[in-house]
Amino acid sequence: MVDQQLREALTAAPRYEVAHAALARRRLARGEVEAVRRQLDTLSTEDQSATLHRLLGDAHARLGNPTAARENYRQGRIQLPRYAHDARMRLLLRDAVADVPKVVRTLTDDTTPQRQAEALAGVESTNVTAVHAWRALRLQDANRFARADSVWQSVSSPPEADWPRAWEQEWALQRRAWQ
Numbered sequence: 000m001v002d003q004q005l006r007e008a009l010t011a012a013p014r015y016e017v018a019h020a021a022l023a024r025r026r027l028a029r030g031e032v033e034a035v036r037r038q039l040d041t042l043s044t045e046d047q048s049a050t051l052h053r054l055l056g057d058a059h060a061r062l063g064n065p066t067a068a069r070e071n072y073r074q075g076r077i078q079l080p081r082y083a084h085d086a087r088m089r090l091l092l093r094d095a096v097a098d099v100p101k102v103v104r105t106l107t108d109d110t111t112p113q114r115q116a117e118a119l120a121g122v123e124s125t126n127v128t129a130v131h132a133w134r135a136l137r138l139q140d141a142n143r144f145a146r147a148d149s150v151w152q153s154v155s156s157p158p159e160a161d162w163p164r165a166w167e168q169e170w171a172l173q174r175r176a177w178q
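What follows is the structure, encoded as structure tokens:
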């Protein structure tokens, strides 16, 4: 029913960003990753908001294409204002786990933040810092602040050793705000 209404909205207004985002989120949650890629790849770059770039990046990451995912996350960051530290850092963290489809799959599942945090607890990754940061964020989103704080204690350095200095500064600023 909801999907039908979203498709009707897109038929009436093919560039309607909110309907594209809602449909893409629903499809990602159901595992229809290729459908999301096809849907959002058809839009011109100027029609894609930061949200649509993130969703397309998520689709590429889940399809095993971290390079395309990272490019979409980068495009999304460009569109966000400099003062949107939380959203910008969440895109950087997605970039850091773009080569771990299981993490992105968990973040796009149609489950509660609490369940996502529990699922992330068992994920093996070469980028442990980014996975722990995501777990802490999802616990915070679930209003489990004491548990999130204990996870934050295990997160010390930026998720990527080769991050530019500006990104490291953003990480330090936003990490203090998250804690």
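Under numbering that gives the first Met the number 0, the sequence shown has 102 at position 103, and the numbering climbs by one with no breaks.
For every residue, glycine included, the Cβ atom is placed at its ideal position computed from N, Cα and C.
- In this chain, the alpha helix (DSSP H) harbouring Leu106 covers Pro100 to Thr107.
- Where Gln178 is concerned, there is no enclosing alpha helix (DSSP H), because DSSP gives it neither an H nor an E.
- For Asn126, no alpha helix (DSSP H) encloses it, and the DSSP letter there is neither H nor E.
- A Cβ-Cβ separation of about 17 Å leaves Trp151 out of contact with Val96 under the 8 Å criterion.
- Taking 8 Å as the upper bound for CB-CB distance, Ala23 and Leu54 are in contact here, some 4 Å apart.
- It is roughly 34 Å from the alpha-carbon of Ala141 to the alpha-carbon of Thr41.
- Below 8 Å, enough C-beta pairs join the segment 99-106 and the segment 116-129 to call them touching: three or more.
- CA-CA distance, Ala67 to Glu159, rounds to 18 Å.
- The beta-carbon separation of Leu51 and Leu39, rounded to 6 Å, stays under the 8 Å limit for a contact.
- Annotation: Arg14 to Met0 spans about 21 Å, alpha carbon to alpha carbon.
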